[in-house]
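Colleague: Let me begin by handing over the structure; questions about it come next.
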């Protein structure tokens, strides 16, 4: 019958006390209401019947009732039970017997003296060695209300004997005024000076005021006051007030908030945390230092398993979130096989994580507020939970793993930036960088699969992979979303031409036999829509305009591109193009060579009718043009010989054929394509004119009387006479 109980009237967002602990009231659900702890963010679900029961037993009370307690009682609730004296603890225990007797009465009888007084006397008779007398109804009722408002905490019943009596201050009031003024000027200020600076300033202010107002300095010491006086004044001022003045209100709230590893989920994929961080390592590609890449990671709260990640130079955005989310929800067997081939070393363990989370916990980043993220929520049937600002402690799971990854792996790589400039010192991170982007991705996936997921967690002291397996055995394996659903969410759809070489996008090319069949059916150079998976460039898909089905094509580029994401490739291509070296001397030589060709053509255009000697001889001989190019192709003797045989059983020395074809495009241009100069400063192959050779001077011939004239039937020069 609990399903028909009306929910108690509690305003969402208000504060209540459950067993004395402050909780924030949440929204109602079909099963009850969620209460979030104000100190650490942990959540607790209470049914409507349980809420009513706790209200009747005064275990669920308003926060105003707790705040109305006196300052002495609130101070006692912050103290350790062992710090009280024995007499205080015995008195509180004796009072507890009376308030407990009132608590055991029905709720309607607790405020009636005719019923309460006999119960108090009965409690005293059961404890003949009680140290206190039987209280009257008013006193016992006051103890009871104080005890209930404090969450039934026995420390609320401790007598405050220190407040009694006449305690005189050690120094005059004006001394404490100057000490507080010195604290405000030095310690409790944005300058963040030390306690010693506050002490020195207080001594100065006290001496000046004593001289101006003819007051007597305290004591006979030349130091006027000691350090402990300033420290006692600081303790009475309170930590919160000092922090606000030193660090600002926002930072003080962050420092005073209780922090920890954050709450845990009830089962695998119940709650998943997502966040970004820059890795502490410099990446280099083709001699160009690209900088520190961004890591986007998803971690399961229940098992502490890393579900997926993405590494790129794209700043935190919807694209990086979707890449990591796609990696997390899909199986990873094929990916592990591909990365095992990257280094030739198989993985020691598997990575069994897949499936969409029930709740994805994120921060207030703009990438989580887009309409695309809302569509992803609906497609994956998950709920996005955004934490308030400056709530990193509520995502302690993923924040801790970020620090662990940088500390265990990134700080041991060449080119690391370490965690701060002080630790880096004089280490040249950019000059020492040797790892490419794929190298860093390989190191991270190795750390996730063979280290993090298989090492006992410091918080649970259990292996994350075993927790995942046991949790899935209890609640059942959640299926992975179909690729037809997840691919359109992360795919990039663009329009292009379908030509004989396939389809192109940003200098990348995809082609296949299926593309050729579609091209023959819809015509060449037709406009088509292609879908590119930013996470996997090995495949691209063309939309068939007739059947509305996606046709698959293979990437025709160097193998290093296959392991990149689209964002990584675009960033690398842009940085490589920007870093391209221009050799001015080499370019000048190319320009001069091109100009020489142009001048030669223009020179020949001006010499119409001039026939070179070899061409003129070719014309006079009357032979065919093909005889000057090819020799005799037909060999009578070779054609008469027998045909040889092939050895089909011999060893195959050629490598396995490439499934994408024998020819791949080179899409990443080298940064410095120019040849290097030799010792003499010349390029390889550069032409050098030989030194002039001194010819022997011929002997003088006798001068004939008459030179013979040329015959009119011969050639003179290049023109026919």
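In this note's numbering, the protein residues as written are 32 to 752.
Ideal Cβ positions, reconstructed from N, Cα and C, are used throughout, including at glycine.
Report the residue from 56, 328, 204 and 333 whose alpha carbon sits nearest the alpha carbon of residue 502.
Modeller: Taking the chain shown and counting its residues from 1, one reaches residue 502 at position 471. Closest by alpha carbon: 333.
Colleague: Which residue or residues does DSSP assign as beta-bridge partners of residue 325?
Modeller: Position 294 of the chain shown, counted from the start, is the residue given in the question as residue 325. According to DSSP, residue 325 bridges with 309 and 343.
Colleague: Return yes when the Cβ of residue 391 is within less than 8 Å of the Cβ of residue 303, no when it is not.
Modeller: Within the chain shown, residue 303 is the residue found at index 272, counting from 1. Within the chain shown, residue 391 is the residue found at index 360, counting from 1. In contact: residue 303 and residue 391 (Cβ atoms closer than 8 Å).
Colleague: Please determine whether the Cβ atom of residue 723 lies at a distance below 7 Å from any heavy atom of the ligand COA.
Modeller: Absence of the ligand COA is noted for the structure shown, with no ligands found whatsoever.
Colleague: List the endpoints of the continuous beta strand (DSSP E) containing residue 392.
Modeller: On the chain shown, residue 392 is found 361 positions in, with the first residue counted as 1. Residue 392 -> beta strand (DSSP E) spans 390-393.
Colleague: Thinking C-alpha only, which one of 256, 83, 525 and 697 is nearest residue 604?
Modeller: By one-based count along the chain shown, residue 604 stands at place 573. Nearest of 256, 83, 525 and 697 to residue 604, Cα basis: 697.
Colleague: Starting from the N-terminal side, write out each stretch of the beta strand (DSSP E) that is 3 residues or longer and does not extend beyond the segment 51-122.
Modeller: The segment 51-122 contains these whole beta strand (DSSP E) runs: 52-59, 64-68, 74-77 and 91-93.
Colleague: Between 387, 309, 543 and 315, which has its C-alpha nearest residue 341's C-alpha?
Modeller: Numbered from its first residue, the chain shown carries residue 341 at position 310. If we check each option's Cα against that of residue 341, 309 comes out closest.
Colleague: Cβ of residue 47 within 8 Å of Cβ of residue 115?
Modeller: For the purposes of this step, residue 47 is taken as residue 16 along the chain shown, with counting starting at 1. For the purposes of this step, residue 115 is taken as residue 84 along the chain shown, with counting starting at 1. Against a cut-off of 8 Å, the Cβ pair of residue 115 and residue 47 comes out as no contact.
Colleague: Sort out for me which residues DSSP pairs residue 447 with in a bridge.
Modeller: Here the question's residue 447 lines up with position 416 in the chain shown. In the DSSP output, where bridge partners are listed per residue, residue 447 has 312.
Colleague: Can you tell which of 185, 230, 225 and 220 has its C-alpha closest to the C-alpha of residue 207?
Modeller: As a first step, residue 207 is located in the chain shown; it is residue number 176 there, counting from the start. Among 185, 230, 225 and 220, the Cα nearest to that of residue 207 belongs to 230.
Colleague: With DSSP run on the structure shown, which of helix, strand or coil describes residue 462?
Modeller: As a first step, residue 462 must be located in the chain shown, where it is residue number 431. Residue 462: helix per DSSP, three-state reduction.
Colleague: Mapping DSSP to helix, strand and coil, what is residue 542?
Modeller: What you label residue 542 is simply residue 511 of the chain shown in a count that begins at 1. Of the three classes helix, strand and coil, the one that applies to residue 542 here is strand, per DSSP.
Colleague: Check each candidate in 63, 186, 153 and 133 and name the one with the smallest Cα separation from residue 113.
Modeller: Residue 113 sits at position 82 when you count from the first residue of the chain shown. When each option's Cα is compared against that of residue 113, the closest is 186.
Colleague: Figure out for me which residue from 568, 583 and 572 has the closest Cα to the Cα of residue 590.
Modeller: In the chain shown, counting from the first residue as 1, residue 590 sits at position 559. When only C-alpha atoms are compared, the closest one is 568.
Colleague: Measure the C-alpha to C-alpha separation of residue 349 and residue 45 and round it to an integer number of angstroms.
Modeller: Counting from 1 along the chain shown, the entry for residue 349 is found at position 318. Counting from 1 along the chain shown, the entry for residue 45 is found at position 14. One C-alpha to the other measures close to 34 Å.
Colleague: Which residues does DSSP pair with residue 470 in a beta bridge?
Modeller: Within the chain shown, numbered from 1, the residue matching residue 470 stands at position 439. Residue 470 is not bridged to any residue.
Colleague: What alpha helix (DSSP H) runs, 4 residues minimum, are completely inside the segment 205-266?
Modeller: Within the segment 205-266, the complete alpha helix (DSSP H) runs of at least 4 residues are 226-244.
Colleague: Let's see if you can read the secondary structure: which residues bound the beta strand (DSSP E) around residue 632?
Modeller: Translated into positions along the chain shown, residue 632 becomes position 601. Where residue 632 is concerned, there is no enclosing beta strand (DSSP E), although the alpha helix (DSSP H) it sits in stretches over 615-636.
Colleague: Which same chain residues, not among the five before or five after residue 216, have their C-beta less than 7 Å away from its C-beta?
Modeller: Numbered from 1 along the chain shown, position 185 holds the residue referred to as residue 216. Correct list, in chain order: 232.
Colleague: Cα-Cα, which of 148, 85, 396 and 584 is closest to residue 548?
Modeller: In the chain shown, residue 548 corresponds to position 517, counting from 1. With distances taken between Cα atoms, residue 548 lies closest to 584.
Colleague: Using beta-carbon positions only, say whether residue 63 and residue 77 come within less than 8 Å of one another.
Modeller: For this step, residue 63 is matched to residue 32 along the chain shown. For this step, residue 77 is matched to residue 46 along the chain shown. The answer is yes: Cβ separation under 8 Å.
Colleague: On the criterion of 16 or more Cβ atoms from any shown chain inside 10 Å, does residue 307 qualify as buried, or is it exposed?
Modeller: The residue given as residue 307 occupies position 276 in the chain shown. With 16 or more Cβ atoms within 10 Å of its Cβ, residue 307 is classed as buried.
Colleague: Classify residue 431 as helix, strand or coil using the three-state DSSP reduction.
Modeller: Stepping through the chain shown from its first residue, residue 431 is reached at position 400. Helix.
Colleague: Three-state secondary structure (DSSP) at residue 409?
Modeller: Taking the first residue of the chain shown as 1, we reach residue 409 at position 378. Three-state DSSP puts residue 409 in a helix.
Colleague: Nearest to residue 377 by alpha carbon, out of 623, 477 and 176?
Modeller: Counting from 1 along the chain shown, the entry for residue 377 is found at position 346. Of 623, 477 and 176, the residue nearest in Cα terms is 477.
Colleague: Taking 6 Å as the limit between beta carbons, can you name the residues of its chain near residue 191, skipping five residues before and five after?
Modeller: As a working mapping, residue 191 is identified with position 160 in the chain shown. Around residue 191: 103.
Colleague: With burial defined as no fewer than 16 other Cβ atoms inside 10 Å of the residue's Cβ, what is the status of residue 171: buried or exposed?
Modeller: Position 140 of the chain shown, counting from 1, holds the residue named residue 171. Buried, because 16 or more other Cβ atoms sit within 10 Å of the Cβ of residue 171.
Colleague: Which residues mark the beginning and the end of the alpha helix (DSSP H) in which residue 188 is found?
Modeller: Here the question's residue 188 lines up with position 157 in the chain shown. Taken as a continuous stretch (DSSP letters only), residue 188 belongs to no alpha helix (DSSP H), as it is neither H nor E.
Colleague: Rounded to a whole number of angstroms, what is the C-alpha to C-alpha distance between residue 719 and residue 622?
Modeller: As a working mapping, residue 719 is identified with position 688 in the chain shown. As a working mapping, residue 622 is identified with position 591 in the chain shown. Each residue's alpha carbon lies about 17 Å from the other.
Colleague: Classify residue 430: buried if its beta carbon has 16 or more other beta carbons within 10 angstroms, exposed otherwise.
Modeller: As a first step, residue 430 is located in the chain shown; it is residue number 399 there, counting from the start. Result: buried.
Colleague: Quick check on the burial criterion: 16 or more other C-beta atoms within 10 angstroms. Buried or exposed for residue 289?
Modeller: Translated into the one-based positions of the chain shown, residue 289 becomes position 258. No answer about residue 289 holds up, because its pLDDT of 43 lies below 50 and its placement is not dependable.
Colleague: Going straight from the alpha carbon of residue 388 to that of residue 142, what length do you get?
Modeller: Walking along the chain shown from the start, residue 388 turns up at place 357. Walking along the chain shown from the start, residue 142 turns up at place 111. Straight-line Cα distance between these residues: approximately 51 Å.
Colleague: If I measure Cβ to Cβ from residue 575 and keep anything under 7 Å in the same chain, skipping five residues before and after, which residues do I get?
Modeller: If you number the chain shown from 1, residue 575 lands on position 544. Within the same chain, residue 575 has close Cβ partners 549 and 582.
Colleague: What did DSSP end up calling residue 571 once you bin it into helix, strand or coil?
Modeller: Residue numbering aside, residue 571 sits at position 540 when the chain shown is read from its first letter. If DSSP states are grouped into helix, strand and coil, residue 571 belongs with the strands.
Colleague: Tell me whether residue 153 sits in a helix, a strand or coil according to DSSP, three-state version.
Modeller: By 1-based counting over the chain shown, the position of residue 153 is 122. Helix.
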